[in-house]
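Residue 167 in this note's numbering sits at position 164 of the sequence shown, with consecutive numbering throughout. Notes follow once the structure below has been shown.
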Amino acid sequence: MGRTRQPPGSSAVRPPAAVQASAYVGAMAATLDFRSPEFIANPYPTYALLRDQQPFWFEPHSRHVYVSRYADIKAVLLDQRFISDRTDERLARLPAGTSSTCLRRVLHDRLMMTDGEEHRSVRRQVSWAFTAAQVRTYGDLVRGSLTQAFGRIEWSGPVDVLRQIALPVPSQVILSILGFDEGDHDSLRLWTDEFYEWLASSPAPMAERTEHAVDGTGRMYEYVERQVRGGRADTDGSLLSALIASEEAGALTTDQVVANLIGIVNAAHETTSSLMLNGTVALLRNPGVLEDLLEHPDLIPAAVDEMARYDAPAQIISRLIVEPTVVGDISCEPGTLLALVLASGNRDERAYGDPDEFDIRREGPVNLSFGHGSHFCVGTALARLEAIEYFTMLLPRLRGARILNEPIPWRPTPAFRTPDELVVQFA
Numbered sequence: 004m005g006r007t008r009q010p011p012g013s014s015a016v017r018p019p020a021a022v023q024a025s026a027y028v029g030a031m032a033a034t035l036d037f038r039s040p041e042f043i044a045n046p047y048p049t050y051a052l053l054r055d056q057q058p059f060w061f062e063p064h065s066r067h068v069y070v071s072r073y074a075d076i077k078a079v080l081l082d083q084r085f086i087s088d089r090t091d092e093r094l095a096r097l098p099a100g101t102s103s104t105c106l107r108r109v110l111h112d113r114l115m116m117t118d119g120e121e122h123r124s125v126r127r128q129v130s131w132a133f134t135a136a137q138v139r140t141y142g143d144l145v146r147g148s149l150t151q152a153f154g155r156i157e158w159s160g161p162v163d164v165l166r167q168i169a170l171p172v173p174s175q176v177i178l179s180i181l182g183f184d185e186g187d188h189d190s191l192r193l194w195t196d197e198f199y200e201w202l203a204s205s206p207a208p209m210a211e212r213t214e215h216a217v218d219g220t221g222r223m224y225e226y227v228e229r230q231v232r233g234g235r236a237d238t239d240g241s242l243l244s245a246l247i248a249s250e251e252a253g254a255l256t257t258d259q260v261v262a263n264l265i266g267i268v269n270a271a272h273e274t275t276s277s278l279m280l281n282g283t284v285a286l287l288r289n290p291g292v293l294e295d296l297l298e299h300p301d302l303i304p305a306a307v308d309e310m311a312r313y314d315a316p317a318q319i320i321s322r323l324i325v326e327p328t329v330v331g332d333i334s335c336e337p338g339t340l341l342a343l344v345l346a347s348g349n350r351d352e353r354a355y356g357d358p359d360e361f362d363i364r365r366e367g368p369v370n371l372s373f374g375h376g377s378h379f380c381v382g383t384a385l386a387r388l389e390a391i392e393y394f395t396m397l398l399p400r401l402r403g404a405r406i407l408n409e410p411i412p413w414r415p416t417p418a419f420r421t422p423d424e425l426v427v428q429f430a
């Protein structure tokens, strides 16, 4: 399906007249606050309420239709009426007078914002670096990065797991795969944070978030563009050199190369570090499960999958409706946005037994944390490898460990779930 553009401001979410005064804008809207401290600390009771009472819920403030059950989310992700290209919708919300040129260039051509043949074409050029077979060749790189990080830690004192392991290791790994200078980690992380604070709608004022995002995205675009220009003579086997070759062969434009290199850096920083952190929290809050894993370390791969299900890094993703349709019992016109609550689908009792239990021996369907269908996360195998190697090295140190900064400060955005800080005292 080709890319269908919607004019800015064309959002047309229209609950049926019969339900205008019902739960869509009444009791549910009054009860659910996706930015409250209680929700940020633990969103799962709210998700359970949605699944039970309004599995398709129109939220009047954001004018999104929230979809919260496992089967419904999978169905939307496979339905060609619902597209990923939300660039115009995102940019239409910018404060008046904001230059959107750089944000448009970064969003317009990245995998997460393309559909149909354009998506398939770009994905073909990128995905070879993240196939299961290729990812297996990164094992030494991942283990080496972890060994360096672990070697710099003074384990007898408090350990800042976020800043000492979960940020630098995924960054070092992806920059090496891309062929970028590993010394640029701090700048790339800052620019990524500024972009995601805008994209994920942090509680900071829109004008402030937008200013930071425009500045950070502009700097990142210039940086990656320089890498592309400087890498044209290289044939080092990196993803950068491969994408440059695709560009020179006419398979990709320069904008597509730059936008998707930025997208890969963004996702590698965000998803992998969050999976490491959320999984660490889950183990330390569930000592019986930790003891089982200590006795059976062969369960680490299954444990990582359960960590992704139990507390998904990406909690909510969006799709845009491009033709009149009915979602649940809500009549939707072109421009309607769907908020697919992946983390709720992962806790759906219709798909999983005892879904609120952290069970590393769980059997059941594949979790939704990395998406489904044509937009299934291209970096899943790499994120999983990094998490497996991380827990393989960390596991012996977890016996007797405890979290020092309870209650954990979670990032105050509903779309992404990750600790802003995780300090652990190891035994």
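Beta carbons: idealized from backbone N, C-alpha and C, even for Gly.
Quick one: grab the DSSP three-state call for residue i.
{"i": "Asp277", "result": "Note that residue 277 is Ser in the sequence shown here, rather than Asp. Correct three-state label for Ser277: helix."}
{"i": "His375", "result": "coil"}
{"i": "Asp184", "result": "coil"}
{"i": "Trp131", "result": "helix"}
{"i": "Asp258", "result": "helix"}
{"i": "Trp413", "result": "strand"}
{"i": "Pro358", "result": "coil"}
{"i": "His67", "result": "strand"}
{"i": "Thr283", "result": "helix"}
{"i": "Asp308", "result": "helix"}
{"i": "Ser241", "result": "coil"}
{"i": "Leu398", "result": "helix"}
{"i": "Ile406", "result": "strand"}
{"i": "Gln428", "result": "strand"}
{"i": "Val329", "result": "strand"}
{"i": "Tyr27", "result": "For Tyr27, the predicted model reports a pLDDT of 44, less than 50, meaning its position is unreliable; a value from the coordinates is still stated below. In the structure shown, Tyr27 sits in coil (DSSP, three-state: anything other than H, G, I, E or B)."}
{"i": "Pro86", "result": "The sequence shown places Ile at residue 86, not Pro. The answer is strand: DSSP assigns Ile86 an E or B state."}
From residue i to residue j, what does the alpha carbon distance come to, in whole angstroms?
{"i": "Glu197", "j": "His215", "result": "6 Å"}
{"i": "Asp55", "j": "Gly182", "result": "48 Å"}
{"i": "Val164", "j": "Gln428", "result": "10 Å"}
{"i": "Gly221", "j": "Glu211", "result": "15 Å"}
{"i": "Gly186", "j": "Arg192", "result": "11 Å"}
{"i": "Val172", "j": "Ala384", "result": "16 Å"}
{"i": "Pro57", "j": "Ala95", "result": "A quick correction: the sequence has Gln, not Pro, at residue 57. Taking the straight line from one Cα to the other gives about 28 Å."}
{"i": "Tyr47", "j": "Pro337", "result": "30 Å"}
{"i": "Glu424", "j": "Pro161", "result": "12 Å"}
{"i": "Pro316", "j": "Arg72", "result": "18 Å"}
{"i": "Pro412", "j": "Arg89", "result": "30 Å"}
{"i": "Arg166", "j": "Glu392", "result": "18 Å"}
{"i": "Thr7", "j": "Pro40", "result": "Because Thr7 sits at a pLDDT of 38, beneath the cut-off of 50, its placement in the model cannot be relied upon, and the point is left open."}
{"i": "Val445", "j": "Tyr224", "result": "With the chain covering 4 to 430 only, the question about residue 445 has no answer from this structure."}
{"i": "Val217", "j": "Ser205", "result": "15 Å"}
{"i": "Arg402", "j": "Asn45", "result": "25 Å"}
{"i": "Gly367", "j": "Ala306", "result": "13 Å"}
{"i": "Cys380", "j": "Gly154", "result": "31 Å"}
If residue i sits next to residue j, beta carbons under 8 Å apart, how far is it from one beta carbon to the other, in whole angstroms?
{"i": "Ala169", "j": "Leu280", "result": "5 Å"}
{"i": "Thr101", "j": "Ser277", "result": "No, Thr101 and Ser277 are not in contact; Cβ-Cβ is about 28 Å, not under 8 Å."}
{"i": "Val344", "j": "Val70", "result": "7 Å"}
{"i": "Ala132", "j": "Arg353", "result": "36 Å between Cβ atoms; not a contact."}
{"i": "Leu296", "j": "Leu302", "result": "6 Å"}
{"i": "Val145", "j": "Ile333", "result": "In fact, because the Cβ distance is near 44 Å, the residues do not count as touching under 8 Å."}
{"i": "Arg38", "j": "Pro415", "result": "7 Å"}
{"i": "Trp194", "j": "Gly234", "result": "Contact flag wrong, Cβ pair sits at about 19 Å."}
{"i": "Ala342", "j": "Asp314", "result": "Their Cβ separation, rounded to whole angstroms, is 18 Å, which puts Ala342 and Asp314 out of contact at 8 Å."}
On a Cα-Cα basis, can you pick out the residue from the options that is closest to residue i?
{"i": "Ala78", "options": "His375, Glu409, Leu397", "result": "His375"}
{"i": "Tyr141", "options": "Glu62, Ser241, Arg232, Glu309", "result": "Ser241"}
{"i": "Ala430", "options": "Glu409, Leu397, Pro417, Asp423", "result": "Leu397"}
{"i": "Cys105", "options": "Thr395, Tyr226, Phe419, Gly403", "result": "Tyr226"}
{"i": "Gly331", "options": "Tyr50, Trp60, Leu371, Leu35", "result": "Trp60"}
{"i": "His122", "options": "Gly348, Ala254, Glu309", "result": "Ala254"}
{"i": "Ile267", "options": "Thr283, Thr395, Met115", "result": "Met115"}
{"i": "Asp308", "options": "Ile265, Arg364, Gly348, Ile319", "result": "Arg364"}
{"i": "Ile320", "options": "Ala203, Ser148, Ser377", "result": "Ala203"}
{"i": "Trp158", "options": "Glu409, Ala404, Ala418, Asn408", "result": "Ala404"}
{"i": "Leu264", "options": "Val231, Val176, Glu62", "result": "Val231"}
{"i": "Asp351", "options": "Ser130, Ala342, Leu371", "result": "Leu371"}
{"i": "Pro290", "options": "Glu228, Asp314, Pro327, Phe361", "result": "Phe361"}
{"i": "Gln259", "options": "Asp189, Val381, Thr117, Phe153", "result": "Thr117"}
{"i": "Val426", "options": "Val176, Ile156, Ala346", "result": "Ile156"}
{"i": "Arg387", "options": "Ile247, Gln128, Val138, Arg126", "result": "Val138"}
{"i": "His64", "options": "Ala207, Leu35, Glu298", "result": "Leu35"}
How far does the alpha helix (DSSP H) with residue i in it extend, from its first residue to its last?
{"i": "Gln230", "result": "209-233"}
{"i": "His111", "result": "104-111"}
{"i": "Val79", "result": "73-81"}
{"i": "Phe419", "result": "Neither: Phe419 is in no alpha helix (DSSP H) and is coded neither H nor E."}
{"i": "Glu298", "result": "290-298"}
{"i": "Asp143", "result": "142-154"}
Would you kindly report the start and end of the unbroken beta strand (DSSP E) that includes residue i?
{"i": "Ala99", "result": "No beta strand (DSSP E) contains Ala99, which DSSP labels as neither H nor E."}
{"i": "Phe61", "result": "59-62"}
{"i": "Arg431", "result": "Outside the displayed range of the chain (4 to 430) lies residue 431, so it cannot be described from this structure."}
{"i": "Val344", "result": "340-344"}
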